[in-house]
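S.K.: In UniProt numbering, the protein residues as written are 1 to 153. Note that CB positions come from ideal geometry on N, CA and C, so glycine has one too. Would you mind keeping the following structure in view while I ask a few things?
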């Protein structure tokens, strides 16, 4: 059974499939899902972060709203550089899985490639202790990104 957060996320993603940018009023959305407005904030902060491919802007006031924009990825050197900077020298498993999911959602990689990459960066596959494990994971992902740039052009 899906959680309330899952349902809210699914609803917002459905709206974003129609339009890359949506404006939602937090209170109205909370009423729709019979929850408190802070639940909407939680979903936006945890499931619609920049790392996951979204920009969230909040506009205050009597008719305030939240603007959610889905960032579309086109693999090019500029995007690779931004992803490199985001990864840095270390990346944990959760962050790596989010990045891989984003590549899949943007149809840059296939479902089977997604599964292979997740297996590659899994803590059990790397088999090292922290912080070495996160460093190796970062290097692996950076190499994958360079390969994607070469083959997806």
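1) Start and end of the beta strand (DSSP E) containing residue 58?
2) What did DSSP end up calling residue 36 once you bin it into helix, strand or coil?
3) With a 10 Å radius around its C-beta and 16 neighbouring C-beta atoms as the bar for buried, classify residue 89 as buried or exposed.
4) Please work out which residues of its chain come closer than 7 Å, Cβ to Cβ, to residue 144, disregarding the five sequence neighbours upstream and downstream, and give them in chain order.
5) Quick check on the DSSP output: the alpha helix (DSSP H) that includes residue 24 runs from which residue to which?
6) Could you tell me which of 138, 132 and 68 sits nearest to residue 100, measuring between CA atoms?
7) What separation, rounded to the nearest whole angstrom, lies between the Cα atoms of residue 50 and residue 136?
8) Does the count of Cβ pairs from the stretch 23-31 and the stretch 59-75 closer than 8 Å reach three?
9) Based on Cα-Cα distance, which residue from 53, 64 and 122 lies nearest to residue 16?
10) Do you know how far the Cα of residue 45 is from the Cα of residue 3?
11) Would you check if the distance between the CB atom of residue 98 and the CB atom of residue 43 is smaller than 7 Å?
12) Where residue 124 and residue 150 are concerned, what is the direct C-alpha to C-alpha distance, given to the nearest angstrom?
13) For the alpha helix (DSSP H) containing residue 108, name the first residue and the last one.
14) Which residues mark the beginning and the end of the beta strand (DSSP E) in which residue 2 is found?
15) Residue range of the beta strand (DSSP E) that residue 65 falls in?
M.R.: Reading it off the structure:
1) 54-59
2) coil
3) exposed
4) 117
5) From DSSP, residue 24 is part of no alpha helix (DSSP H) but of the beta strand (DSSP E) over 21-24.
6) 138
7) 23 Å
8) yes
9) 53
10) 16 Å
11) no
12) 29 Å
13) Note, residue 108: premise wrong, no alpha helix (DSSP H); not H, not E.
14) Counting along the chain, residue 2 falls outside any beta strand (DSSP E), and DSSP gives it neither H nor E.
15) 65-70
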